[in-house]
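K.L.:
Quick one: this structure, given as structure tokens, is what I'll be asking you about.
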Amino acid sequence: MNTAIIAIGAGIAVLSAIGAGVGIGIATGKATEAIARQPEADGKINKALILGCALAEATAIYGFVIAFLIIIMLK
Amino acid sequence: MGNLSEIINEELQVETVFTIPIFGGIPVSESVVVTWIIMAVLILGAFLLTRNMKLHNISKRQAFAEWIVTTLSDMVEGMVGEKGRAFIPYLVTVMLYVGVANVCGIFGFKAPTKDLNVTAALALMSILLVEGAGIYYLGIKRWLHKFTEPIAVVTPINVLEVFTRPLSLCMRLFGNVIGAFVIMELIKTISRNILLPAVFCLYFDLFDGLLQAYVFVFLTSLYIREEIE
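Chains as they are written, first to last, in our numbering: chain A, 1209 to 1283; chain B, 125 to 353.
Written out as structure tokens, the structure is:
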């Protein structure tokens, strides 16, 4: 019973990945549009995209770290 | 499944390899030893590449060394800006170290960045450099005044940022490396042939590891740029 609850908690923590997935998807879509409109500015767009993706991805990573700690600490 | 959690637990533990018998014993953990190996490899590589350099009629080896240096420092200069040129050697060094540290899992070493202490130390170095650069370039008065910009109400948030920035740098690197490692172990457990882990290894170990080194340096140089301008 206890392990099941811990597993559910870790699963809920990993749900933060949804936000990161949606965010990176939107960012990449917009970046593709921007490059299609202005192909010569792709260097700057790429840089902004990587920064945005790194920041958006961080939320997913935090969720993963929390899930990891839940499993390791509460086991 | 039980086997997997054992492997992960074993990899997470920071083992003490040996103890230096001075000052009552300094424990040396595995990540420090792997860091020494990485240092030795990088120093040896740099030494071999830069031996008997010439001004004219350069050898292929010297051309390669020059290509590495100019590419990396141009890349970092684009991030840190004209004013932050003094920080390029440090940032490129961190990039090389983190890149090699993330990738060295392929060669059977335990990646040092999988140890939270290593990423915490890197993040701490970054934030000290950022704040130190702010004090050096702006002077204490303007550095302190920068906390109240753009309006005085945001001062607590600006002060909080000094602590959240290294925390997020540290957790991002650690979480990415450990996440890639856990996923690789899962794939290795479920797949019967060798092809599937090999393909995913390219993404998780090589691409993600190098990307994280880039992102770490990118964010650090962004903070520096923001601080000194």
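Each residue gets a CB set at the ideal place from its N, CA and C atoms; glycine is no exception.
1) Is it buried or exposed for VAL277 of chain B, if we count other Cβ within 10 angstroms and need 16 for buried?
2) Assuming VAL306 of chain B contacts LYS234 of chain B (C-beta within less than 8 Å), just tell me the rounded distance between them.
3) How far does the beta strand (DSSP E) with PRO83 of chain B in it reach, from first residue to last?
4) Could you please give the first and the last residue of the uninterrupted beta strand (DSSP E) stretch that includes PHE142 of chain B?
5) Contact check, ALA1228 of chain A vs ALA1268 of chain A under 8 Å by CB: the rounded distance?
6) Since ARG349 of chain B contacts GLY205 of chain B with CB under 8 Å, what's their CB separation in whole angstroms?
7) Whole angstroms are fine: how far does the CA of ALA1256 of chain A sit from the CA of ASP1250 of chain A?
8) When the Cα of LEU346 of chain B is compared with those of B:GLU130, B:VAL152 and B:LEU253, which residue comes out closest?
9) Between MET177 of chain B and LYS207 of chain B, what straight-line distance do the alpha-carbon atoms span, to the nearest angstrom?
10) By DSSP's criteria, VAL152 of chain B is part of a beta bridge. Which residues make up the other side?
11) Looking at the secondary structure, which residues open and close the alpha helix (DSSP H) in which ASN241 of chain B lies?
12) Going by DSSP in three states, ALA177 of chain B sits in which element: helix, strand or coil?
13) Could you give the DSSP three-state label for GLN336 of chain B: helix, strand or coil?
14) Output needed in chain order: residues of the stretch 257-289 of chain B with a Cβ under 8 Å from some Cβ in chain A.
15) From ALA225 of chain B to GLY232 of chain B, what distance separates their C-alpha atoms?
16) Any beta-carbon of chain A closer than 7 Å to the one on ARG175 of chain B?
17) Which residues in the same chain have their Cβ closer than 6 Å to the Cβ of SER155 of chain B, if we skip the five residues on either side of it in sequence?
18) How would you list, in chain order, the residues of chain A whose beta-carbon sits under 8 Å from the beta-carbon of LEU343 of chain B?
19) LEU1282 of chain A by DSSP, collapsed to three states: which one?
20) Suppose contacts are defined by Cβ-Cβ distances below 7 Å. Is PHE340 of chain B in contact with VAL165 of chain B by that definition?
21) Below 8 Å between beta carbons is the criterion; list the residues of the stretch 295-312 of chain B that meet it against any residue of chain A, in chain order.
22) Count the C-beta pairs between the stretch 292-305 of chain B and the stretch 182-199 of chain B that are closer than 8 Å, then say yes if the count reaches three, no if not.
23) Should MET1281 of chain A be labelled buried (16 or more other beta-carbon atoms within 10 Å of its own) or exposed?
24) Hey, could you find the ends of the alpha helix (DSSP H) ILE1234 of chain A is sitting in?
25) May I ask you to list, following chain order, the residues of the stretch 1265-1278 of chain A that have a beta carbon less than 8 Å from some beta carbon of chain B?
26) Chain A partners of VAL339 of chain B, CB-CB under 9 Å?
27) Does the distance from the CB of ALA1275 of chain A to the CB of ARG296 of chain B come in under 7 Å?
28) Measuring CA to CA, which of A:ILE1279, A:ILE1243 and A:LEU1223 is closest to GLY1271 of chain A?
29) Distance check for GLY1237 of chain A and SER153 of chain B, CA to CA, integer angstroms please.
30) Could you check whether ASP332 of chain B and ILE230 of chain B sit closer than 7 Å to each other, using their CB atoms as the reference points?
P.N.:
The relevant details are as follows:
1) exposed
2) Wrong, their Cβ atoms sit about 14 Å apart, outside the cutoff.
3) Look at the range of chain B in this structure, 125 to 353, and you will see that residue 83 of chain B is not part of it.
4) 140-144
5) 3 Å
6) 5 Å
7) Their Cα atoms are separated by approximately 10 Å.
8) B:LEU253
9) 29 Å
10) B:PHE142
11) From DSSP, the alpha helix (DSSP H) with ASN241 of chain B extends over 240-262.
12) With the sequence shown as reference, residue 177 of chain B is identified as Met, and Ala is not the correct amino acid for it. Coil at MET177 of chain B, not helix or strand.
13) helix
14) none
15) 12 Å
16) no
17) PRO236, ASP239 and VAL242
18) LEU1259 and ALA1262
19) helix
20) no
21) MET295, ARG296, PHE298, GLY299, ASN300, ILE302, GLY303 and VAL306
22) no
23) exposed
24) From DSSP, the alpha helix (DSSP H) with ILE1234 of chain A extends over 1225-1245.
25) GLU1265, ALA1266, ILE1269, TYR1270, PHE1272, VAL1273 and PHE1276
26) Neighbours of VAL339 of chain B on chain A, chain order: ILE1258, LEU1259, CYS1261, ALA1262 and GLU1265.
27) no
28) A:LEU1223
29) 44 Å
30) For ILE230 of chain B and ASP332 of chain B, no; Cβs fall outside 7 Å.
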